[in-house]
Amino acid sequence: MSESVQANAPVLAVDRLSIALPKGGDRPLAVENVSFEIKPNEVVCLVGESGSGKSMIAHAVLQLLPRGVDVVSGAVTVAGQDPSKLDGRGLRNLRGGNAAMIFQEPLSSLNPLKRVGKQIEEMILAHQRPTPSMAEVRERVQTLLTQVGLPNPLLLEKSYPFELSGGQRQRVMIAIAMANRPALLIADEPTTALDVTTQRQILRLIDDLRRERGMGVLLITHDFGVVADVADRVVVLRHGKVVEQGTASEVLRNPQAAYTRELIDAVPKARLADIHDTIVRPEPLLEVVGLQKTFRVKRGWLQPPREVVAAEGISLTLHEGETLAVVGESGSGKSTLGRMIMRLTEPDAGAIRFGGADLRLLRGEALRQARRRLQIVFQDPFASLDPRQKVGDAIARGPMAYGTSRAEAMAQARKLLARVGLSETAADRYPHEFSGGQRQRICIARALALKPRVLIADEAVSALDISVQAQVLALLAELRQEMRLAMIFITHDLRIAAEIADRVIVLQKGRIVEEGTTAEVFTAPRQAYTRDLLDAIPGRDFFDQPGFAAAAGARQTARIDSGIDAV
Amino acid sequence: METVRAFLRHPSGMIGLVLLLIVVVVAIIAPIMFPVSPWEMVGAPFTPPGEDGLWLGGDTLGRDVAAGVAYGARVSLLIGIASALAAMAIGVVVGAISGYFGGKVDLVLMRMTELFQTIPAFVLAILLVATFNPSLLTIILTIGAVSWPPLARLTRAEFLRLRHREFVEAAQCQGERTWRIVLGHILPNAISPILVVTSLTVATAILLESALSFMGLGDPNLMSWGFMIGAGRTVIRNAWWMSVFPGLAILVTVLAINLFGEGLSDVLNPRVSRRRS
Amino acid sequence: MTPLGSAAAIGLQAISRIAQLVAVILVIATFNFVLVRAAPGDPAQVMAGQSGASDPKLLDDLRKEYGLDKPYFVQLVSHLGRIVRLDLGYSYRQRRPVVDLILERLPATLLLTVTAFCLALLIGTALGALAGLAAGSVLDTVFTVLSLVLYATPVFWLGLMLVLVFSVTLGWLPPFGYETINVQLSPIAHALDIMKHMIMPVTSLAAIYLAIYARLMRSSIIEVAQQDFIKTARAKGLSGTRIVVGHMLRNALVPVVTVAGMQAGALVGGAVVIETVFAWPGLGRLTFEALLQRDYPVLLGIFLILSIVVIVLNLLTDLVYRLIDPRMTTGAA
Amino acid sequence: MNRREFTKAMLACGAAIPFGITRAAGQTRGGTLNTIIQPEPPVLVTALNQQQPTLTLGGKIYEGLLKYDADLKPMPGMAQSWEVSPDGLTYTFKLFPGITFHDGKPMTSEDVVFSCMKLLVETHPRARQNFSRVASAEAPDPLTVVFELKQPFAPFIGCFDCTSAPIVPKHIYDGTDYRKNPENDKAIGTGPFKLKEWVRGSHVHLVRHDGYYLKDEPYLDEIVYRVIPDAASRALALENGTVQLVQWSDVEFYDVQRFKAQKNLEFTTKGYEYFAPHQWLEMNNRIAPMNDKRFRQAVMHLIDREAFSKRVYFGNAKVATGPISSKTRFYDPNVKRYEFSVDKAKALLDDMGLKPGANGKRAEIKYIVPPYSESYQRAGEFFRQSFARVGIDLVLVGTDMAGWAEKVGNWDYEMTQNLLYQLGDPALGVARTYISSNIKKGILFSNTQGYSNPEVDKLFDEAAITLDAAKRQELYSKVQQILVEDVPVAWTLEIEYPIIYDKAFRNIVTTGIGSHETFGSVYKS
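Residue numbers (the numbering used here), protein chains in the order written: chain R, 18 to 584; chain A, 18 to 294; chain C, 413 to 745; chain B, -18 to 506.
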């Protein structure tokens, strides 16, 4: 147990570690010659974009690599032991004993059919020798649940994972990890699936536990914000290689590697300075009045349906060339709002005035015509394109549906593809041949094909890696400028909102809690809830320091070029 | 092309394909292999296999079992495929409607589907065939009528899955018309699992047909495998070959189709192949 | 949610499901009635045909006796009325109340089907689990091939082959029947005697479902093995057996149970053929005999009963399913 | 032979020692006979249902006044003697004393009168035909029954066996709804055996009726009838001794040879003389081409009936020459013979103008396959091949018993196969198929093919009321010649059902109704 480890010996030492991918992978080595150390009571962040091999390392530490992926050279030492040299029993003692691990998806990481209490007990029983009495075990479970800040532990240990919120589940995972006072905690993207506020709490919790137990923490993340908040030291990975490592402040303040710099820059920042002037016309382009929507989830016979309020009296206006950000946590009804405006979801009440008509009253052909100038870009670029349809067709289909000749539509499609930074030849290829970022560009091109006046971007960049995200954001900014597009930008990421929006609407449980210009909302939030959200922005304290925002404008062009190169 | 190449690399799938081809070929060249009708009494009753030219033996009336097996392939395949298609026709229409429109329509149609699934399929089949008297048509329709529910459910599930996929909604927002969306986007993306299940339905249809004619509810003018086993059952102690060989024929055919179908589903979409089985 | 709460929920659902059940039964009753009445063949005529010669008087008596002269609608109403009173009518062919006929055959069928069902489920899942855990091994391949073959074997043919081998050739097992008639046996000996008669019918009936469940369990196990929470379990340092027993099996069982429920109908169907092959004195054979006699009341009764049996089996598996998977008891997931 | 002699003859019969029964000493009491009942009968009361299985089983429970030997001469049943008045109008029966029903109540002439004149005419179509000829029936004393006929009917003496006129207890049935009488389940008769238990779908268990009126009889303690629907299983049961007796179609014809060879088994085709099952290919005379005599004659030519007997019935049948079975009295072999000849058939068809079409087909005819047993299916297949030789497509139509009964009964068919019992006398079993007066829509086993010939009608009617045997022979010979020329139906075979039993059992077949008999005298050596 952790007592056995001498004061300052590293709890984890990774030495020239290389991990091979199975034949036919996109590269021979997932991880190449990586070395770093974690001292007790130290948080080390492994940062990198998807495919950088960061979680491979984490899995390698506990010998949890998937079949076919193997360590080819180098060594790992956990609390003085080399896991690869341990026999089954030894390895089992190490796992969950000296080194515990938590994962990205708390729901799928917990056994759905076991009460959480049992799942914690199991962890204790598997390791404590001599085996403690059930009474002791139960008491221990209670303390753990309290320590991870879960309310009403007695009831909670009896409940099943699906009955808990995402945050609670992750807390349970942590409780399990903490059960045997590990010397090392490995957290693989522990907050990526969570809302900002929850994310903040979970990070705090991990940090507190670290402090009071002096354990070492290996935190895998893609978010420099997180790094800025919790990391003592940082290891930046790209394509399985360490591009840079050092203390958090060094790396963040003057990154040595260009890649590191790019990543840091890519973190969206409020450009409160230069809000471009909007010519506010008397009559708005789009006007939403008192939208109402309640979802009723049927729960079998005789049981009252569960009601979820997705929109309650939501009103908003949008003027030409203006960008309105709709922010809120999951379940706040922000996406529903976008879908209702598109008439993909039927509102219970309210009006959607656009192009001189109330969309809500339109049906069939009339709706089809009215909706033409109103387009949407969805979150998941993989689900947004018909896998069986050529990219060109996908874009041309819209205009053709409104009578444009095929030839003309295709020509237009090629132009658009070029415009969004893809080659015209892309038109003749199928979606699966493109990366996520490229697909999202295609989706944008498709939306623009109908020359919309309002574009709704529903979490349009959330699924993308941070650098790609930045490129797409920049693209949208430009298009808005040159097409005088009005945009409704739906996002959970306030930093993005801050970067792109003129005005911001904050949603909570289907209600507008705060509305105002980006500047107002970000600098002088009126509502407590808004304040919490802002505080929760990872790395805010760091990134919003003067001197960072300034450079923002200059960076953009550069980024777009690199964006196009990347394609 | 891609999928074809993938399939060629699928071992069990290929075994299935080869076996299936053999059966098909036999079915096609049956009249060349055996010019005389399988009903013709060419030898002495109960001729054991190999004797006077009947290498699979003769039956109670001295008819050539080998010829029967060969011609039986035609009947089994015909009925199997036809009724599977019938089932698909019903299933896809029902499933598509209730999957795309949902709501009350969905409720009603699915209740109906459940009803059809509740009544033991084979017992229902017996009832239907006996009710409308066994003939090629009634048998095909009957088997179709008891086999469609799974297809309806699958189609419905696929439609529900695709109905709110972003690319479908995108198409909607782009002003494409409903029928175009259904035929152009949803169906093409739903069709492969449907085809897979249909191909597997062929197998179950063949089994169902054989069971029916075994129970004496086959078309008396068709030399089908089930009928042969049924005729051989009572004389199993005098002439084991009468029931053994047609049975093997069924086994091989069904096995072939299953292997083929699963190979297909593995290649086309692993998702469904996991759901089924 | 507290255990009490979930129990209540289960209770509530049970009630609602029973309500559905009644509705379904009435629909099926109507459905069966219409279908069977659509059949060609005048029951009175059959009766007469049976008794070796016939004349109009006899036919009329029969039609009156069984209300066949009244319009279908009237017959249907009285039919449904009787169903509600759990009176399934009177068989003029067998000259006995249908309920009696069915009830005296039902046990044999249940004995056959339930035994086959349980065996198939137990052995099937067990083999499937083994195969799944040893995926890719020789054992696995053998199981897979075996299940594929069984899956493609016609039930009745399998039965015949068993008879051919174990009765005709080896003479080990009785080729037909339910028990050795007219021998005085001690209760134990009698039970053994029945078991001996059951071996072949049960085997042939269970085989295909055994195959199905085995394959399902196999793929299910393989799927569960890839789940995150199994990774968690390993990260917890649990031993292999503990992971399998404590985390994999239960999760893997969920899909198997659902399918098992859906298979109930097919199983009952299979019983019809098997009972004919093995002269098993159950409902299956009664169905076929009644059908050839166009014994309407019996047919209607049997189809109703079989449907009820199936629905009940579905209901049971459904409840089992809910017990296994807490997510089902609250409309979650 | 003049009246007096005739009467003597009749009386002689009454006195005659029952034929065939070995009365030699040494019959041992006790023992169980296991046999087969297939299909399972709906009831055991032969008065209510006359299917073969019901008769086989009920024969042990219900008795008639008479029995008939292999030549169908009457012998004592419950009547120890009988007398027919010279004018053939008065029939007087003397019953054995001390006959009791299974419920202990005595059986008297009252029960006989009730059974024949009240119950049977309600429930037993054949009996209704016979007893409708009775003007009055009296029971002057408990042991005497007297029937007065409206007009002479020679075959009347042949109407009293346990299948044609089973005696049921008046005290149970009088004034009740016979068919629904709850006592039907108990099956109370006077026979040597009574019902112990009936496990439906499994077996029927009969045990000795201790109060039986004949000394020492029955010898057996019990008889167990097992329900075995599967033919192969039945054969196996006989082979391995699980059952010691099979009758009718219990074992399929292809198995018979095998059992003939088996040493411990006795094989006979005796015991069916009363029924003489007569089988034919029935053609609906109303529709073309079957309405043309030449077509029907062609059919007689194109079926190779020898081969038919060999392949389908494995030799357990004899080629039929005409409407009357060679086993029935008044059979006349001197009729036109139709040998197997495809050419003759073709010639006849060409002659009637039914020439092959472009595809070589002359006609397409629907043939309804009777669903009773597998051999009917085989037969259909055999016929189809036969017709194919002359370019006629026989399309087999499968159906269930209901469908078959309805279609044939309502004349809604083209061709099918049929089999009728001859019931010991042409007047009882043959005439019904050919006389115009019996063309009754909706009724099975009547003149369903719709053949009508006034001369035939006249001859049959006259023969029925004629008492003198020689005279009757003349009339029937004439009828046979006419019918064989007209071919109303294409007679195929006289089926010879086997009775196979364990040699240990004796007296299994003692009369012309064979396995339907009471079995009182059966014993195990």
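Yeah, the Cβ is synthetic: ideal placement off N, Cα and C, and Gly gets one too.
Start and end residues, alpha helix (DSSP H) containing residue 325(B) = To locate residue 325(B), count along the fourth sequence from 1; it is residue 344. Segment 323 to 333, the alpha helix (DSSP H) holding residue 325(B).
Quick one: is residue 279(A) buried, meaning 16 or more other Cβ sit within 10 Å of its Cβ, or exposed?
-> Position 262 of the second sequence, counted from the first residue, corresponds to residue 279(A). The residue in question, residue 279(A), is buried, as its Cβ has 16 or more Cβ neighbours within 10 Å.
Out of curiosity, what's the CA-to-CA distance linking residue 232(A) and residue 310(B)?
-> The residue labelled residue 232(A) in the question sits at position 215 within the second sequence. The residue labelled residue 310(B) in the question sits at position 329 within the fourth sequence. So the alpha carbons of these two residues sit roughly 41 angstroms apart.
Is it right to say residue 181(A) is buried, meaning 16 or more other beta carbons lie within 10 angstroms of its own, or is it exposed?
-> Position 164 of the second sequence holds residue 181(A). With fewer than 16 other Cβ atoms within 10 Å, it is exposed.
By the 10 Å Cβ neighbour count, where 16 or more other Cβ atoms means buried, how is residue 386(B) classified, buried or exposed?
-> What you label residue 386(B) is simply residue 405 of the fourth sequence in a count that begins at 1. So residue 386(B) ends up on the buried side.
Return the chain-ordered list of same chain residues with a C-beta closer than 6 angstroms to the C-beta of residue 63(A), the five sequence neighbours on each side being excluded.
-> Reading the second sequence from its first residue, position 46 is the one you call residue 63(A). Result list for residue 63(A): 255, 256, in chain order.
Where do the ends of the alpha helix (DSSP H) carrying residue 270(A) lie?
-> Working through the second sequence from its first residue, we reach residue 270(A) at position 253. Where residue 270(A) is concerned, the enclosing alpha helix (DSSP H) stretches over 257 to 285.
Please report the residue range of the beta strand (DSSP E) in which residue 528(R) lies.
-> The residue given as residue 528(R) occupies position 511 in the first sequence. 528 to 534 is the extent of the beta strand (DSSP E) around residue 528(R).
What number of angstroms, rounded off, separates the C-alpha of residue 269(R) from the C-alpha of residue 247(R)?
-> For the purposes of this step, residue 269(R) is taken as residue 252 along the first sequence, with counting starting at 1. For the purposes of this step, residue 247(R) is taken as residue 230 along the first sequence, with counting starting at 1. The straight-line gap from Cα to Cα measures roughly 12 angstroms.
Contacting positions in the region 607 to 626 of chain C - beta carbon closer than 7 angstroms to chain A | none
Residues that residue 226(A) contacts on chain R, provided the C-beta gap is smaller than 7 angstroms = On the second sequence, position 209 is the one that residue 226(A) refers to. Near residue 226(A) there are no residues of chain R at all, since even the closest Cβ is about 35 angstroms away, more than 7 angstroms.
Under 8 angstroms between C-beta atoms, does residue 632(C) make it to chain R?
-> Position 220 of the third sequence, counting from 1, holds the residue named residue 632(C). No, because no Cβ of chain R sits closer than 8 angstroms to the Cβ of residue 632(C).
Within 8 angstroms, strictly: CB atoms of residue 137(B) and residue 107(B) | In the fourth sequence, the residue the question calls residue 137(B) occupies position 156. In the fourth sequence, the residue the question calls residue 107(B) occupies position 126. It is not a contact, given that the beta carbons lie outside the stated cut-off.
Collapsed DSSP secondary structure at residue 469(B) in the structure displayed | For this step, residue 469(B) is matched to residue 488 along the fourth sequence. Three-state DSSP puts residue 469(B) in coil, outside helix and strand.
Where does residue 89(R) land, buried or exposed, given buried means 16+ other C-beta within 10 angstroms?
-> Residue 89(R) sits at position 72 when you count from the first residue of the first sequence. Flag for residue 89(R) reads exposed.
Listing by chain order, which chain B residues have their CB less than 8 angstroms from the CB of residue 578(C)?
-> Sequence index remark: in the third sequence, residue 578(C) carries index 166 (1-based). Those do not exist, as residue 578(C) stays about 12 angstroms from chain B at its closest Cβ, beyond 8 angstroms.
Stretch-stretch touch, CB-based, cutoff 8 angstroms, three pairs: the region 661 to 669 of chain C with the region 154 to 164 of chain R = no
Starting from the Cα of residue 300(B), find the closest Cα among 44(B), 473(B), 126(B) and give me that residue.
-> Here residue 300(B) refers to the residue found at position 319 when the fourth sequence is read from its first residue. Here the closest residue by C-alpha is 473(B).
State the Cα-Cα distance for the pair residue 118(B) and residue 170(B), rounded to the nearest angstrom.
-> The sequence position of residue 118(B) within the fourth sequence is 137, counting from 1. The sequence position of residue 170(B) within the fourth sequence is 189, counting from 1. Roughly 21 angstroms between the two C-alpha positions.
Which of the three DSSP states, helix, strand or coil, is assigned to residue 547(C)?
-> On the third sequence, residue 547(C) is found 135 positions in, with the first residue counted as 1. Residue 547(C): coil per DSSP, three-state reduction.
Should residue 34(B) be flagged as near chain C, meaning a C-beta pair shorter than 8 angstroms?
-> For the purposes of this step, residue 34(B) is taken as the residue at position 53 of the fourth sequence. Not one chain C Cβ lies under 8 angstroms of residue 34(B).
Could you check what DSSP says for residue 351(R) in three-state terms: helix, strand or coil?
-> Within the first sequence, numbered from 1, the residue matching residue 351(R) stands at position 334. Three-state DSSP puts residue 351(R) in a helix.
Look at the alpha carbon of residue 146(A) and the alpha carbon of residue 140(A), and state the distance between them as a whole number of angstroms.
-> As a first step, residue 146(A) must be located in the second sequence, where it is residue number 129. As a first step, residue 140(A) must be located in the second sequence, where it is residue number 123. Spanning the two alpha carbons is a distance of roughly 10 angstroms.
Pick from 80(R), 535(R), 480(R): whose alpha carbon is nearest that of residue 456(R)?
-> In the first sequence, the residue the question calls residue 456(R) occupies position 439. Nearest of 80(R), 535(R), 480(R) to residue 456(R), Cα basis: 480(R).
Start-to-end residues for the alpha helix (DSSP H) that takes in residue 87(B) | The residue given as residue 87(B) occupies position 106 in the fourth sequence. No alpha helix (DSSP H) holds residue 87(B); DSSP gives it neither H nor E.
Count the CB pairs spanning the region 69 to 84 of chain R and the region 169 to 183 of chain R that are closer than 8 angstroms, and state whether there are at least three.
-> no
Of all the options 478(R), 220(R), 327(R), which has the alpha carbon lying nearest to the alpha carbon of residue 349(R)?
-> Here the question's residue 349(R) lines up with position 332 in the first sequence. If we check each option's Cα against that of residue 349(R), 327(R) comes out closest.
Would you say residue 256(R) faces chain C, with C-beta separation under 8 angstroms as the test?
-> Within the first sequence, numbered from 1, the residue matching residue 256(R) stands at position 239. Closer than 8 angstroms: no.
Between the Cα of residue 264(B) and the Cα atoms of 314(B), 230(B), 279(B), which residue gives the shortest distance?
-> Position 283 of the fourth sequence holds residue 264(B). Of 314(B), 230(B), 279(B), the residue nearest in Cα terms is 279(B).
Residues in the region 649 to 679 of chain C with C-beta within 9 angstroms of chain R's C-beta atoms, listed in sequence order?
-> 649, 650, 651, 652, 654, 658, 659, 662, 663, 666
Could you list the residues in the region 115 to 131 of chain A with a C-beta less than 8 angstroms from some C-beta on chain R, going in chain order?
-> none
Can you give the Cα-Cα distance for residue 90(A) and residue 266(A), rounded to whole angstroms?
-> As a position in the second sequence, residue 90(A) is number 73, starting the count at 1. As a position in the second sequence, residue 266(A) is number 249, starting the count at 1. Going by the C-alpha atoms only, they are around 8 angstroms apart.
Residue 508(R) and residue 342(R) closer than 8 angstroms at C-beta = Against the first sequence, residue 508(R) aligns to sequence position 491. Against the first sequence, residue 342(R) aligns to sequence position 325. In contact: residue 508(R) and residue 342(R) (Cβ atoms closer than 8 angstroms).
Could you tell me the distance, in whole angstroms, from the CA atom of residue 226(B) to the CA atom of residue 46(A)?
-> Position 245 of the fourth sequence, counted from the first residue, corresponds to residue 226(B). Position 29 of the second sequence, counted from the first residue, corresponds to residue 46(A). If I take the Cα positions, the gap works out to 49 angstroms.
Of all Cβ atoms in chain R, is any one closer than 8 angstroms to the Cβ of residue 732(C)?
-> In the third sequence, residue 732(C) corresponds to position 320, counting from 1. No, residue 732(C) does not count as interfacial toward chain R.
Exposed unless 16 or more other CB atoms sit within 10 angstroms - verdict on residue 484(C) | In the third sequence, counting from the first residue as 1, residue 484(C) sits at position 72. So residue 484(C) counts as exposed.
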